[in-house]
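Chains as they are written, first to last, in the UniProt record's numbering: chain S, 1 to 237; chain H, 1 to 296.
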Ligand SMILES: Nc1ncnc2c1ncn2[C@@H]1O[C@H](COP(=O)(O)OP(=O)(O)OP(=O)(O)O)[C@@H](O)[C@H]1O
Ligand SMILES: [Mg+2]
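And the structure:
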């Protein structure tokens, strides 16, 4: 479904992503792990057309999307829930959802989805008219996810959805992700809780200093111990 | 008392013109991250279009509509030709581009028309007066306030009630996030310039009604400066702040002119700009209390 091939991303002299290749098949739940500054968000930003890769290609649903406008990529069904949630604070909760749904031609179904999401995320349902800037971190993350779902994504990219949340709220987010996976949504998730993420996922990639240093299932990656090794930078090959 | 009310209406009329112009400047700023100093030349283009139409003997209403449309069209072209190529450049580059566009338009008008001021004859109602409860008010002032109120109301309805307005508010808060929700960047920027141009055009019509129809190539400078000051007062990046800032500025200007001792009325603008410096120092986020979101 998603195919990233030898992707390079630079910020001036900083080469943040170096020759990253990864794939996500339809129905899969894949995680992208790695320490701070590994280049995970930069990879997602390049996929979404927010950054221009210096080389490499990205294909979605068999069609190359490298260099396309972000909004065109979103409209084709590839949706990012960005790092730091990026809620539109001056809009209400409902307006955040409506704006995300506005790209859909099926307005009736879109409004029905909106009501369903407000039931599914009761904290949002109770605060539809509040400015989204007044939500707590956990609530804002739920809004960020619900907002992405409003676009009816075929592939959802989640960038650190649990960042800065209290342990109980982290559990809640992991539950939501598990539900989405169970419903058949294809997900590529970046996550700091590496062990927990790889155990929930079908498989994962580990990135360090801009490169993919390991990949495979939880077992392939050697479980918790293996991940620690990858993270510390001892190459297993 | 009557005189005070008359001055107040005069202030509100000038202030509402500033509010309209400031809104046009602020819309492009919030969406595009540029204080477009060539905005003044959109006013000039609107005014010169009216001049051209009046030379052709067309009725005033046609002149006014043509002026507004010309300003809107010029605004869209300005974005396409001058600003789109430097969209991803830094703020300074865009700012310098806007000065370049302003100078180019002034030069063209100077060469093609004349550096001297010309006059667009104004319809008789602009010099008529209305009597309301014993208070005599110039008609153009009342019309200015009404026209501005209608334009602002239309803006509020568009922004609050339509999907397009929702997208525009989202894009104003964070352009990149809006794109991640599927908002089409090019269309949004073009729309911001279109609205900006329409407001500049309406502003041109109102300015000519106020000044008796004087047009000259540099006539856009004073309004764009006032509009800029208004958005600074209101809090740069805030649309409602721009409107409030414009009203405050207009009322302050008229009141200072009316009630300052005769020897110092010439200093009105100086005093206003000094007040603005004080506002910037005391409340850098503007009177509406919104944080500046200057694009880097
Ligand atoms: N806008 C930027 N300008 C310059 N360098 C940047 C920029 N954004 C990221 N970088 C650098 O690129 C590298 C990769 O950053 P990136 O944000 O992609 O990492 P990450 O894996 O998502 O990290 P984290 O877990 O902290 O989110 C880092 O060295 C970072 O400092
Ligand atoms: Mg990151």
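We put the CB at the ideal spot given by N, CA and C, even for glycine.
> Since residue 281(H) meets chain S, which of its residues come closer than 7 Å, beta carbon to beta carbon?
Replying inline: None at all; the shortest Cβ gap to chain S is about 26 Å.
> Counting Cβ pairs, one atom from each stretch, are 3 or more of them under 8 Å apart for the stretch 20-31 of chain S and the stretch 180-188 of chain S?
Replying inline: yes
> Three-state secondary structure (DSSP) at residue 292(H)?
Replying inline: In this prediction, residue 292(H) scores a pLDDT of 41, lower than 50, which makes its location untrustworthy; no coordinate-derived value is stated.
> Do you know offhand how far residue 115(S)'s Cα is from residue 97(S)'s?
Replying inline: 10 Å
> What residues of chain S sit near residue 159(H), judged by a beta carbon separation below 7 Å?
Replying inline: In chain order: nothing, as chain S lies at least about 11 Å away.
>> Let me confirm a value: residue 212(S) is counted as buried when at least 16 other C-beta atoms fall within 10 Å, else exposed. Which label applies?
In response: buried
>> Is the beta carbon of residue 139(H) closer than 8 Å to that of residue 146(H)?
In response: no
> Roughly how many angstroms lie between the CA atoms of residue 23(S) and residue 179(H), to the nearest whole one?
Replying inline: 24 Å
>> Let me check one thing: in DSSP terms, what residues is residue 159(S) bridge-paired to?
In response: 190(S)
> residue 78(H): which of 241(H), 208(H) and 102(H) sits nearest, CA to CA?
Replying inline: 102(H)
> What residues of chain S sit near residue 170(H), judged by a beta carbon separation below 7 Å?
Replying inline: 88, 91 and 99
> When we look at the beta-carbon of residue 124(H) and count the other beta-carbons within 10 Å, is it buried (16 or more) or exposed?
Replying inline: exposed
> Is residue 50(S) closer than 8 Å to residue 141(H) when the C-beta atoms are compared?
Replying inline: no
>> Using DSSP's beta-bridge definition, name the partner residues of residue 65(S).
In response: Paired residues: none, contrary to the question.
> At a CB-CB cut-off below 8 Å, which residues of chain H make contact with residue 75(S)?
Replying inline: 182
> Mapping DSSP to helix, strand and coil, what is residue 113(S)?
Replying inline: helix
>> If you measure from each CB to the nearest heavy atom of ligand 2 and keep those under 7 Å, what residues do you get, in chain order?
In response: 40(S), 41(S), 83(S), 159(S), 160(S) and 190(S)
>> Within 8 Å of any Cβ in chain S, is that where the Cβ of residue 166(H) sits?
In response: yes
> Who are the near neighbours of residue 54(H) in its chain, counting only those whose CB is closer than 7 Å to its CB and skipping five residues on each side?
Replying inline: 63, 120 and 121
>> Give the list of continuous alpha helix (DSSP H) stretches no shorter than 4 residues that lie fully inside the stretch 9-93 of chain S.
In response: 40-47 and 70-75
> How many Å lie between residue 158(S) and residue 7(H) at the Cα?
Replying inline: 59 Å
> With a Cβ-Cβ cutoff of 8 Å, do residue 278(H) and residue 232(H) count as a contact?
Replying inline: no
> What does residue 2(H) touch in chain S if you count any residue whose Cβ is under 7 Å from its own?
Replying inline: The contacting residues do not exist; residue 2(H) stays about 42 Å from chain S at best.
> Since residue 102(S) contacts residue 166(H) with CB under 8 Å, what's their CB separation in whole angstroms?
Replying inline: 7 Å
> Do you know how far the Cα of residue 135(S) is from the Cα of residue 59(S)?
Replying inline: 36 Å
> If you drop the 5 nearest sequence neighbours on each side, which residues of the same chain put their C-beta closer than 8 Å to that of residue 235(S)?
Replying inline: Interpretation of residue 235(S) is limited by its pLDDT of 47, a score under 50 that renders its predicted location unreliable; no figure is taken from the coordinates.
> Just how far apart, CA to CA, sit residue 182(H) and residue 35(H)?
Replying inline: 25 Å
>> Short of 8 Å Cβ to Cβ, which residues in the stretch 100-114 of chain S face chain H?
In response: 100, 102 and 103
> If residue 207(S) and residue 34(S) are in contact, beta carbons under 8 Å, what's the gap, nearest whole angstrom?
Replying inline: 4 Å
> What's the gap between the Cα of residue 40(H) and the Cα of residue 95(H)?
Replying inline: 14 Å
> Can you list the residues of chain S that residue 106(H) reaches, using a CB-CB cut of under 9 Å?
Replying inline: Simply none; closest approach about 35 Å.
> Do you know whose CA, among 239(H), 271(H), 265(H) and 248(H), lies nearest residue 26(H)'s CA?
Replying inline: 239(H)
> Is residue 85(H) helix, strand or coil when you go by DSSP?
Replying inline: helix
> Using the rule of at least 16 other Cβ atoms within 10 Å of the residue's Cβ for burial, across every protein chain shown, is residue 63(S) buried or exposed?
Replying inline: exposed
> Roughly how many angstroms lie between the CA atoms of residue 10(H) and residue 19(H), to the nearest whole one?
Replying inline: 14 Å
> Less than 8 Å separating the beta-carbons of residue 200(H) and residue 43(H)?
Replying inline: yes
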